[in-house]
Amino acid sequence: MSSSFHASTVDWLGAWIAAGQVKPGQAIKVEADLGEQLGVSRTVIREAIKTLVAKGMLEVGPKVGTRVLPIKRWNLFDPQVVGWLSRSGLPENFVDDLLDLRRTIEPMAVRWACERATVEQVQAIQQAYNALERAVDSGIDYNRADQFFHECILAASHNQFIEQMVPALGALLAVSFEVSAADPDELRRTLPIHRDMADAIAARDAARGVWACMTLIDNADLAIKRFYPQVMADKKAS
Numbered sequence: 000m001s002s003s004f005h006a007s008t009v010d011w012l013g014a015w016i017a018a019g020q021v022k023p024g025q026a027i028k029v030e031a032d033l034g035e036q037l038g039v040s041r042t043v044i045r046e047a048i049k050t051l052v053a054k055g056m057l058e059v060g061p062k063v064g065t066r067v068l069p070i071k072r073w074n075l076f077d078p079q080v081v082g083w084l085s086r087s088g089l090p091e092n093f094v095d096d097l098l099d100l101r102r103t104i105e106p107m108a109v110r111w112a113c114e115r116a117t118v119e120q121v122q123a124i125q126q127a128y129n130a131l132e133r134a135v136d137s138g139i140d141y142n143r144a145d146q147f148f149h150e151c152i153l154a155a156s157h158n159q160f161i162e163q164m165v166p167a168l169g170a171l172l173a174v175s176f177e178v179s180a181a182d183p184d185e186l187r188r189t190l191p192i193h194r195d196m197a198d199a200i201a202a203r204d205a206a207r208g209v210w211a212c213m214t215l216i217d218n219a220d221l222a223i224k225r226f227y228p229q230v231m232a233d234k235k236a237s
């Protein structure tokens with residue numbers, strides 16, 4: 000079985016389900032029908048379904064067939080799952096929960112980064128900030144630069160659970176940044192706060208770093224509440 004066939008089939012099925020084409024509790028098409036639609040074998044479909052079962056999106060039973068599970072059962076710490084959900088527009092309560100998650104994890108990660116970051120990690124955070132500053136000036140790929148900046152800080156927390164969550168948290172952060180960055184003034188307004196956070200980590204000033212982190216999240220919350228409906232409308236129209 001070609002890995003590319005498997006990957007593309009998983010991606011299509013995952014995005015199809017995340018877009019709400021099949022509602023939770025409903026059965027998806029039989030393997031033969033899906034295989035014919037996608038131009039792949041039943042084996043490829045079967046393996047793709049196994050992958051989505053492992054991600055919590057589907058369940059397979061002898062009498063019920065292959066059914067879609069409620070979103071609360073999906074692995075929302077799987078970057079691929081988050082990516083599929085974000086393609087068609089996330090429900091507003093998902094974004095609210097994401098902000099709650101950021102408030103729970105990021106300030107403590109900043110505090111630990113102030114206490115535990117190595118010299119090399121402090122330098123990496125400063126370099127990530129410089130890249131962020133350049134992205135604001137050029138207007139190119141700001142979201143990716145912002146995401147990388149925060150990922151560097153999470154990694155510098157030296158907490159093995161947070162470090163293992165960095166890929167998933169990065170995907171979740173990308174969703175938050177995409178919405179909050181819809182405000183063109185938000186980028187320049189928050190750049191000095193990013194600078195404060197980077198400098199606080201370099202100075203081992205945990206109080207200043209945590210304050211900057213919470214300020215960034217609160218600003219994102221305000222921007223999301225203001226611009227979220229238009230961002231999602233544009234996404235669904237595209």
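0 is the number of the first residue of the sequence shown in numbering that gives the first Met the number 0; add one for each residue after it. Here a beta-carbon is modelled for each residue, glycine too, at the ideal position from N, C-alpha and C. The structure displayed is predicted, hence computed values, not measured ones.
Cβ-based neighbour list, E132, same chain, cut-off 6 angstroms, excluding 5 preceding and 5 following: There are no such residues.
Three-way DSSP call (helix, strand, coil) for T189 in this model: Here T189 sits in helix by DSSP.
Using CA atoms only, rank isn't needed, just tell me which of D96, C151, V118 is closest to A130. Of D96, C151, V118, the residue nearest in Cα terms is C151.
Do A112 and S156 have their CB atoms nearer than 8 angstroms? A contact, by the Cβ cut-off of 8 angstroms.
From R188 to C212, what does the alpha carbon distance come to, in whole angstroms? Taking the straight line joining both Cα atoms gives about 14 angstroms.
Start and end of the beta strand (DSSP E) containing L37? Not the beta strand (DSSP E): L37 falls in the alpha helix (DSSP H), residues 30-37.
Quick one: is P106 buried, meaning 16 or more other Cβ sit within 10 Å of its Cβ, or exposed? Flag for P106 reads buried.
Whole alpha helix (DSSP H) elements within the stretch 84-161, 4-residue minimum: Scanning the stretch 84-161 from its first residue to its last, the whole alpha helix (DSSP H) runs of 4-plus residues come out as 91-115, 118-137, 141-154.
Straight-line Cα distance separating R102 from I161: Put simply, the backbone Cα of I161 is about 14 angstroms away from that of R102.
Along the chain, which unbroken stretches of the beta strand (DSSP E) at least 3 residues long are found entirely within the stretch 39-78? Listed in chain order, they are 57-60, 64-67.
Can you tell which of P69, P90, E35, F76 has its C-alpha closest to the C-alpha of A26? Out of P69, P90, E35, F76, P69 has the C-alpha closest to the C-alpha of A26.
Distance between beta carbons of G60 and I44, contact taken as under 8 angstroms: The pair is not a contact, with the Cβ atoms about 17 angstroms apart (cut-off 8 angstroms).
Could you name the residues of the same chain whose beta carbon sits closer than 7 angstroms to that of D220, not counting the 5 residues immediately before and after it, in chain order? The beta carbon of D220 lies closer than 7 angstroms to those of L98 in the same chain, with the five residues before and after it left out.
Using DSSP with H/G/I as helix, E/B as strand and the rest coil, what is A206? Here A206 sits in helix by DSSP.
Got a sec? Which residues, its chain only, sit under 8 angstroms from V121 by beta carbon, not counting five neighbours each side? For V121, same chain residues with a beta-carbon under 8 angstroms away, outside a window of 5 residues either side, are A155, I200, A201 in chain order.
Thinking C-alpha only, which one of A197, V81, Q20 is nearest A170? Selected option, being the one with the closest Cα: V81.
How many Å lie between Q163 and R115 at the Cα? Each residue's Cα considered, the two are about 17 angstroms apart.
Let me make sure I understand the geometry here. Which of G38, R72, A127 has the alpha-carbon closest to that of P23? Checked all of G38, R72, A127; the closest Cα to P23 is R72.
Hey, out of A108, E91, D195, V118, whose CA is closest to F226's CA? Checking every option, the nearest Cα to that of F226 belongs to E91.
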